[in-house]
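Q: Next up is a structure, given as structure tokens.
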Amino acid sequence: MIDPIFGACALVSLVSAVMVVTRKNPVYSALWLMQCFLAFAVIFFSLGATFVGAMHILVYTGAIL
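Residues 4 to 68 in the working numbering are what the sequence shown spells out, letter by letter.
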């Protein structure tokens, strides 16, 4: 049985990754990328990797984006 939080975040990250590629406006693409990064961080938190999830939010979502 799949965890519902994991399944929801996986679906959100898949949809937002598709939206990153298909948007013509780079600002909207960056916002979808931020949503994808945050969904990845929630997946890491739900798997018990709190340090990796926190670093993902700080480094990727905060610094790169």
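Even for Gly, the Cβ is constructed at its ideal location relative to N, Cα and C.
#1: Helix, strand or coil for Met4 per DSSP?
#2: By the 10 Å Cβ neighbour count, where 16 or more other Cβ atoms means buried, how is Ile67 classified, buried or exposed?
#3: Buried or exposed: which applies to Phe9, given that a residue is buried once 16 or more other Cβ atoms fall within 10 Å of its Cβ?
#4: Consider the Cβ of Ala13: report whether some Cβ of chain C lies at a distance smaller than 7 Å.
#5: Does the segment 37 to 44 come close enough to the segment 53 to 61 to have 3 or more Cβ pairs within less than 8 Å?
#6: Which residue from Val55, Met4, Val30 and Leu36 puts its Cα closest to that of Val18?
A: From the atom records:
#1: Met4 falls in the coil class under three-state DSSP.
#2: That one is exposed.
#3: In summary, Phe9 is exposed, with fewer than 16 beta-carbon neighbours lying within 10 Å of its beta-carbon over all protein chains present.
#4: The displayed structure is made up of one protein chain only, and chain C is not part of it.
#5: These segments touch.
#6: Nearest of Val55, Met4, Val30 and Leu36 to Val18, Cα basis: Leu36.
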